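**Student:**
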Amino acid sequence: MKSSRLVAAIAALGIASMCHAASPVLVIHGGAGVIKRDMTPVKEKAARAALTQALQSGYAQLKAGKAAVDAVSAAITVLEDDPNFNAGKGSVFTHDGKNEMDAAIMDGATLEAGSVAGVHRVKNPILLARAVMEKSQHVMLVGDGAEEFAKQVGITLVDSAYFRTEERWQQLQKALKEDENQEKHSDVETAKHFGTVGAVALDAQGHLAAGTSTGGMNDKRWGRVGDTPIIGAGTYANSGCAVSGTGWGEYYIRTVAAHEICMRVTQMRVPLRRAAAEVINQEIPSMGGNGGAIALDANGTVSMPFNTDGMYRGWIGADGVPHVAIYGDESDGTAEPLPAEAESTGG
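Quick note: the sequence shown uses the working numbering, first residue 40, plus one each step.
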């Protein structure tokens, strides 16, 4: 355990009064974007099954009394292992035909965080990000150095062939053909190619955590890194709020989206759902970006805003029943206040 843990915990006390024991809640996403009702029944069924499995895996940690970071890690690992999502096994390809993955995790109870960027052979980047948080003196490691650290701490590395799926390879080939016809992708085309997985959790001790993992943007070049591994942009948690984003990363970085949502909740006392909607559905689109996010506060309030055709998403609460949705016109069970929200004071 790092020596800075005590310092971080003291820093977190400024908003610690917002943290209280609560019924565990887990919220996940599998990416937002162009998700229309034209996917095959087989693919849709597989995606829903994976989301359900991720919720059950993470919630099992919470029911066993484990910490929020354990639930986040467990849920994201399931999604990283599923080729339907752009993270881990299902990561998209770069312009050069490689896989470059990013991930981050943050413990809201201590403000400790870990992230990795540009890794090629890490089977589960979220586990490496957690190792950076818990077993190093650093917050972010990148590329070859991150993979050398992975070897030292026993994180599983795999051959690059593990990440190759025909669907992702064909997506790259299509993008390469488009490259031949234009100097760079149009804004519309760029926005179609993001994808991420993430989770936020509230444990029985009232502690929050957030995590995000991604294969990045299809056909990306020059070592591009998006918002996912940047603490405060695509991933953030403190003792009052936890957020994982999914969208056009450059805009999430420029708005420091995840941190902005949490600051509105914890410092300005804006209700979670309003704070998340303002950033995701107003601020980011006003700049030309799009995407979505999942957010959770210390009262167990769930928010899953997005401004795209759909977002793979789900949550599970005190009743232990997984709620899963994909499309924009599909109910995700959050239209009515959750039981814990009835007593919410807006943060």
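Every residue, glycine too, gets a C-beta built ideally from N, C-alpha and C.
None of the values given here were measured: they were computed from a predicted structure.
In chain order, what residues of the same chain lie with their CB nearer than 8 Å to the CB of residue 348, ignoring the 5 residues before and after it?
**Tutor:** Only 72, 73, 74, 75, 366, 367 meet the Cβ criterion.
**Student:** Would you decide whether residue 307 is buried or exposed? Buried here means 16 or more other CB atoms lie within 10 Å of its CB.
**Tutor:** Classification for residue 307: exposed.
**Student:** Look up residue 302 in the DSSP assignment and say whether it is helix, strand or coil.
**Tutor:** Helix at residue 302.
**Student:** Where does residue 429 fall in DSSP's three states?
**Tutor:** Coverage of the chain is limited to positions 40 through 386, which leaves residue 429 absent and any answer about it impossible.
**Student:** Would you say residue 356 and residue 64 are within 7 Å of each other, going by their C-beta atoms?
**Tutor:** Contact flag set, yes.
**Student:** Where do the ends of the alpha helix (DSSP H) carrying residue 352 lie?
**Tutor:** First-last for residue 352: 349-355, but that is the beta strand (DSSP E), not the alpha helix (DSSP H).
**Student:** If the criterion is Cβ atoms closer than 7 Å, does the pair residue 315 and residue 292 meet it?
**Tutor:** No, the pair does not count as a contact, with Cβ atoms beyond the cut-off.
**Student:** Grab the span of the alpha helix (DSSP H) containing residue 183 for me, first residue to last.
**Tutor:** Segment 182-192, the alpha helix (DSSP H) holding residue 183.
**Student:** Check whether the region 99-114 touches the region 185-196, taking contact to mean three or more Cβ pairs, one atom from each stretch, closer than 8 Å.
**Tutor:** The region 99-114 vs the region 185-196: no contact.
**Student:** Assuming residue 182 contacts residue 158 under a Cβ cut-off of 8 Å, what Cβ separation, rounded to an integer in Å, is found between them?
**Tutor:** Contact flag correct, Cβ pair sits at about 7 Å.
**Student:** Under the three-state reduction of DSSP, which class applies to residue 273: helix, strand or coil?
**Tutor:** Of the three classes helix, strand and coil, the one that applies to residue 273 here is coil, per DSSP.
**Student:** For residue 146, which three-state DSSP category applies?
**Tutor:** Looking at residue 146 - three-state DSSP - the assignment turns out to be strand.
**Student:** Check the DSSP bridge columns for residue 151 and list the partner residues they point to.
**Tutor:** Per DSSP, 146.
**Student:** Output the distance between the C-alpha atoms of residue 259 and residue 302, rounded to the nearest integer angstrom.
**Tutor:** Going by the C-alpha atoms only, they are around 31 Å apart.
**Student:** By DSSP, does residue 229 sit in helix, in strand, or in coil?
**Tutor:** In this predicted model, residue 229 has a pLDDT of only 46, less than 50, meaning its place in the structure is not dependable; the value taken from the coordinates is given anyway. Residue 229 falls in the helix class under three-state DSSP.
**Student:** Do the CB positions of residue 144 and residue 167 come within less than 7 Å of each other?
**Tutor:** The answer is no: Cβ separation not under 7 Å.
**Student:** Which residues in the same chain have their Cβ closer than 6 Å to the Cβ of residue 179, if we skip the five residues on either side of it in sequence?
**Tutor:** If we look at residue 179 and ignore the five residues flanking it on each side, its Cβ neighbours are 154.
**Student:** Note the first and the last residue of the continuous alpha helix (DSSP H) segment covering residue 252.
**Tutor:** Element bounds for residue 252: not the alpha helix (DSSP H) but the beta strand (DSSP E), 247-253.
**Student:** Are the Cβ atoms of residue 268 and residue 89 separated by less than 7 Å?
**Tutor:** Cβ atoms of residue 268 and residue 89: not closer than 7 Å.
**Student:** Within a Cβ cutoff of 6 Å, which residues of the same chain sit near residue 240, ignoring the five residues on either side of it in sequence?
**Tutor:** So the qualifying residues of the chain are 65, 107, 110, 111, 248.
**Student:** Measure the C-alpha to C-alpha separation of residue 98 and residue 317 and round it to an integer number of angstroms.
**Tutor:** Approximately 29 Å between the Cα atoms of the pair.
**Student:** Can you tell me whether residue 172 is helix, strand or coil according to DSSP?
**Tutor:** If DSSP states are grouped into helix, strand and coil, residue 172 belongs with the helices.
**Student:** Does the Cβ-Cβ distance between residue 294 and residue 331 come in under 7 Å?
**Tutor:** Result no, Cβ atoms of residue 294 and residue 331 do not sit closer than 7 Å.
**Student:** Please classify residue 336 as buried or exposed, where buried requires at least 16 other C-beta atoms within 10 Å of its C-beta.
**Tutor:** Counting Cβ neighbours within 10 Å, residue 336 comes out buried, since at least 16 surround it.
**Student:** For residue 342, write down the residues that DSSP places opposite it in a beta bridge.
**Tutor:** According to DSSP, which records beta bridges pairwise, residue 342 is partnered with 334.
**Student:** To the nearest whole angstrom, what separates the beta carbons of residue 69 and residue 278, a pair I think is in contact under 8 Å?
**Tutor:** The Cβ separation is near 27 Å, so there is no contact.
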